[in-house]
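**Student:** Would you mind keeping the following structure in view while I ask a few things?
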Amino acid sequence: MTAVSLTKTSKFLSLVLRHEPEAIGLSLDSNGWADLDDLIRLANADGKPVTRALIEQVVRDNDKQRFAISADGTRIRANQGHSIEIDLALTALAPPAVLYHGTATRFAKSIRNLGLVKQSRQHVHLSSDADTAIEVGSRHGKALVLSIRAGDMHARGLSFFQSENGVWLTDAVAPEFIDWP
Ligand code: HQG
Numbered sequence: 379m380t381a382v383s384l385t386k387t388s389k390f391l392s393l394v395l396r397h398e399p400e401a402i403g404l405s406l407d408s409n410g411w412a413d414l415d416d417l418i419r420l421a422n423a424d425g426k427p428v429t430r431a432l433i434e435q436v437v438r439d440n441d442k443q444r445f446a447i448s449a450d451g452t453r454i455r456a457n458q459g460h461s462i463e464i465d466l467a468l469t470a471l472a473p474p475a476v477l478y479h480g481t482a483t484r485f486a487k488s489i490r491n492l493g494l495v496k497q498s499r500q501h502v503h504l505s506s507d508a509d510t511a512i513e514v515g516s517r518h519g520k521a522l523v524l525s526i527r528a529g530d531m532h533a534r535g536l537s538f539f540q541s542e543n544g545v546w547l548t549d550a551v552a553p554e555f556i557d558w559p
């Protein structure tokens, strides 16, 4: 399978499993899972020639492990990044003392005022290393990496979760917990 078709399939899966399942008439359950056979049938009916083998390869080889197939092989979901309301049913976890958020310099002023807000997604996304944060921020412009005092937030009773693929998730980050470069 070519890298192009793998990337295209990954983007298609992100669309229908995170944002717009209705684009192909797919339904997700309350935890974000879709029936894999339904997804393949509906995608093909919509002109997207995906096969089970292709989807399994995308899930296995995806650079960020964006998707998971259930243990019995019948269902698939995105590990994080949803804009639709689903409950990933993650267990709250104590974060490391410091986490990183990659953003763009053009958002700095607003973030200084409001802190980090989740915009269209279900959570604010944080990473445990600054290199990943640079990549995430570069998607939006000139990257700016903020250090988040996650340990202090947790000590104040704010909850953190970690997705299956290692991304740290929280509801919001108030300005007082952000250290600027
Ligand atoms: C910014 C990708 C102004 C925030 C990545 C970000 C991640 C504010 C943008 C995942 C703000 C939202 C999520 C405020 C936050 N004022 N701007 N008060 N608060 N922002 O794409 O974190 O490749 O929804 O800094 O790797 O960039 O898709 O979030 O720049 O893990 O798997 O608002 O998406 O994963 O942008 O990225 P996004 P994100 P995938």
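Note that the sequence shown covers residues 379 to 559 in my numbering.
Note that CB positions come from ideal geometry on N, CA and C, so glycine has one too.
Quantities reported herein were computed from a predicted structural model and do not represent experimental measurements.
Measure the C-alpha to C-alpha separation of I526 and F555 and round it to an integer number of angstroms.
**Tutor:** As a position in the sequence shown, residue 526 is number 148, starting the count at 1. As a position in the sequence shown, residue 555 is number 177, starting the count at 1. Distance between the alpha carbons of I526 and F555 is about 6 Å.
**Student:** Using a Cβ distance threshold of 8 Å, determine whether the segment 422–429 contacts the segment 483–494, with at least three qualifying pairs required.
**Tutor:** With the cut-off at 8 Å, the segment 422–429 and the segment 483–494 do not touch.
**Student:** So is T387 buried or exposed if we call it buried at 16+ other beta carbons inside 10 Å?
**Tutor:** As a working mapping, residue 387 is identified with position 9 in the sequence shown. T387 comes out buried.
**Student:** By alpha-carbon positions, which one of A467, A550, R534 and A412 ends up nearest to K496?
**Tutor:** The sequence position of residue 496 within the sequence shown is 118, counting from 1. When each option's Cα is compared against that of K496, the closest is A550.
**Student:** From I418 to E542, what distance separates their C-alpha atoms?
**Tutor:** As a working mapping, residue 418 is identified with position 40 in the sequence shown. As a working mapping, residue 542 is identified with position 164 in the sequence shown. Rounded to whole angstroms, I418 to E542 spans 23 Å at the Cα level.
**Student:** Taking 7 Å as the cut-off, does the CB of I489 come closer than this to any heavy atom belonging to ligand 1?
**Tutor:** In the sequence shown, residue 489 corresponds to position 111, counting from 1. Yes, the Cβ of I489 comes within 7 Å of a heavy atom of ligand 1.
**Student:** For D439 versus L384, is the C-beta spacing smaller than 8 Å?
**Tutor:** As a working mapping, residue 439 is identified with position 61 in the sequence shown. As a working mapping, residue 384 is identified with position 6 in the sequence shown. For D439 and L384, yes; Cβs fall inside 8 Å.
**Student:** Please return the same chain residues whose Cβ sits closer than 6 Å to the Cβ of I447, not counting the five positions on each side in sequence.
**Tutor:** As a working note, residue 447 is residue 69 in the sequence shown. So the qualifying residues of the chain are V437 and I454.
**Student:** Alpha carbon to alpha carbon, what distance is there between G529 and Y478?
**Tutor:** As a first step, residue 478 is located in the sequence shown; it is residue number 100 there, counting from the start. As a first step, residue 529 is located in the sequence shown; it is residue number 151 there, counting from the start. Y478 and G529: Cα-Cα distance of roughly 12 Å.
**Student:** Leaving aside the five residues before and after T483 along the sequence, list all residues of the same chain whose C-beta is less than 6 Å from its C-beta, in chain order.
**Tutor:** Residue mapping note: residue 483 aligns to position 105 of the sequence shown, counting from 1. Same-chain partners within the cutoff: K520 and L522.
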